[in-house]
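Residue numbers (mature numbering (1 follows the signal peptide of the UniProt record, and there is no 0)): -20 to -1, 1 to 343.
Structure, as structure tokens:
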Ligand code: N2P
């Protein structure tokens, strides 16, 4: 009897997926940075379950990854500084292009830009990109500041403006990595400088507005505060502001949010899909990257989170309102004034972190 059943057992074993772990993909991505339906579709099509965790600053991501053994299969660091550091440290696994045929959908010009820190684009593909700027409550800022141009960081960084807007609610995302370059640029200095003199100037500028700042908080909380109207002026990521504006409109409570891409030159960033060297399930990670690089999938993501992607064939599938929004897709002219942050050396990072602690503490 047992003998006769053996072949049946063998068949049953073959039908069951190799191991439970093979069927789970561990993703660590930014908050509010994907269309949840896309993740559900990946599971439907592949049978791979997705465990999805989020972070909302590069500092948090780096802290989590620097310990090693994060257990993640997919991470989404910004090209500089985080992705660059991970590549240099050998902490990422080269992507097997044969397993990612949709790689050819990527915009070669954009990929060329990130090849400077990842020669040959071996370790990552651009997921989404965007700028750093201000989310503002248009009517309130207009009322407080009068008829001044609302297209640059003077709104936030000129102490007399900050004083007028204090009651209305000023916030900054809690990330020296993604805030200091814009402050330096506004000061007319090199956004990537670590020179003592430049650091002092940035600290003076931040300290001068500190009494007027209501909160220095995670970018995800800034998104919420903009959507509810609790923040009147907030320095954060472009698409987060545009998502907040949409949420505010839907809520119908008269909160009107606009995005300001700094005229003096906005910080431009690229977020990379990458696989940690010790990922438990690199095959599933590659399947996920390949899945995301489909034009219709990327269009769904851009439509949901209001960040541009790097798959040109997705463009016709992006909603017209999103496609024509110059805050989502900056003009060539705005891009020509933008800058990309670099990768400061370790000692400079320490200086910046200390500066930031003093700024947060207000002394
Ligand atoms: C999404 C944050 C955008 C990523 N909430 C910034 N690189």
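Here a beta-carbon is modelled for each residue, glycine too, at the ideal position from N, C-alpha and C.
Problem set entry | Short Cβ contact (8 Å threshold) for residue 361 with residue 118 | No answer is possible for residue 361: the residues shown for the chain start at -20 and end at 343.
Problem set entry | beta strand (DSSP E) segment containing residue 251, residue limits | 247 to 253
Exercise. Does DSSP classify residue 51 as helix, strand or coil?
Worked result: coil
For this session: Confirm the yes/no value for this check: CB of residue 239, any heavy atom of the ligand N2P, distance under 7 Å.
Result: no
Exercise. What's the gap between the Cα of residue 330 and the Cα of residue 300?
Worked result: 44 Å
Exercise. Per DSSP, which one or two residues make a beta bridge with residue 113?
Worked result: 216
For this session: Using a threshold of 8 Å, state whether the C-beta atoms of residue 303 and residue 222 are closer than that.
Result: no
Exercise. Do residue 132 and residue 218 have their CB atoms nearer than 8 Å?
Worked result: no
Exercise. If you draw a straight line from the C-alpha of residue 32 to the C-alpha of residue 250, how long is it?
Worked result: 21 Å
Problem set entry | Beta-carbon proximity of residue 165 to residue 156, cut-off 8 Å | no
For this session: Could you tell me the distance, in whole angstroms, from the CA atom of residue 207 to the CA atom of residue 121?
Result: 16 Å
Exercise. Using a threshold of 7 Å, is the CB atom of residue 58 nearer than that to any non-hydrogen atom of the ligand N2P?
Worked result: yes
Exercise. Would you call the CB atoms of residue 341 and residue 61 closer than 8 Å?
Worked result: no
Exercise. Since residue 256 sits in a beta bridge, which residues does DSSP pair it with?
Worked result: 72
For this session: Confirm, please, whether the CB-CB distance from residue 183 to residue 44 is below 8 Å.
Result: no
Exercise. Are the beta-carbon atoms belonging to residue 130 and residue 240 less than 8 Å from one another?
Worked result: yes
Exercise. Relative to the alpha-carbon of residue 236, which residue among 247, 180, 211 has its alpha-carbon at the smallest distance?
Worked result: 211
For this session: With hydrogens ignored, establish whether the beta-carbon of residue 199 is closer than 7 Å to any heavy atom of the ligand N2P.
Result: yes
Exercise. Is it the case that the CB of residue 336 approaches a heavy atom of the ligand N2P more closely than 7 Å?
Worked result: no
Exercise. Taking the DSSP output, what are the residues bridged to residue 32?
Worked result: 7
Exercise. Is residue 174 near the ligand N2P, with its Cβ less than 7 Å from a heavy atom?
Worked result: no
Exercise. Say the cut is 7 Å; is the CB of residue 219 nearer than that to a heavy atom of the ligand MG?
Worked result: You won't find the ligand MG in this model; what it holds is the ligand N2P.
For this session: Kindly provide the ranges of any beta strand (DSSP E) runs that are 3 or more residues long and lie completely inside the stretch 167 to 220, ordered along the chain.
Result: 195 to 197, 213 to 217
Exercise. At which residues does the alpha helix (DSSP H) containing residue 356 begin and terminate?
Worked result: The first residue shown for the chain is -20 and the last is 343, placing residue 356 beyond what the model contains.
For this session: From the DSSP output, read off the bridge partner residues of residue 299.
Result: BP columns for residue 299 are empty, so no partner.
For this session: Since I believe residue 30 is in contact with residue 5 (beta carbons under 8 Å), could you give me their beta-carbon distance rounded to a whole number of angstroms?
Result: 5 Å
For this session: Return helix, strand or coil for residue 319, following the three-state DSSP convention.
Result: strand
Problem set entry | Beta-carbon proximity of residue 107 to residue 252, cut-off 8 Å | yes
Exercise. Is the closest heavy atom of the ligand N2P to the C-beta of residue 12 under 7 Å?
Worked result: yes
Exercise. If you compare alpha carbons, which of 9, 3, 11 is closest to residue 27?
Worked result: 3
For this session: Note the first and the last residue of the continuous alpha helix (DSSP H) segment covering residue 43.
Result: 38 to 46
Exercise. Do three or more CB pairs link the stretch 139 to 155 to the stretch 193 to 203 at distances below 8 Å?
Worked result: yes
For this session: Please state whether DSSP places residue 96 in a helix, a strand or coil.
Result: coil
Problem set entry | residue 237, DSSP secondary structure in three states | strand
Exercise. Whose C-beta lies closer than 8 Å to the C-beta of residue 53 among residues of the same chain, with five residues either side of it excluded?
Worked result: 5, 6, 7, 255, 256, 259, 260, 261, 262, 264, 265, 268
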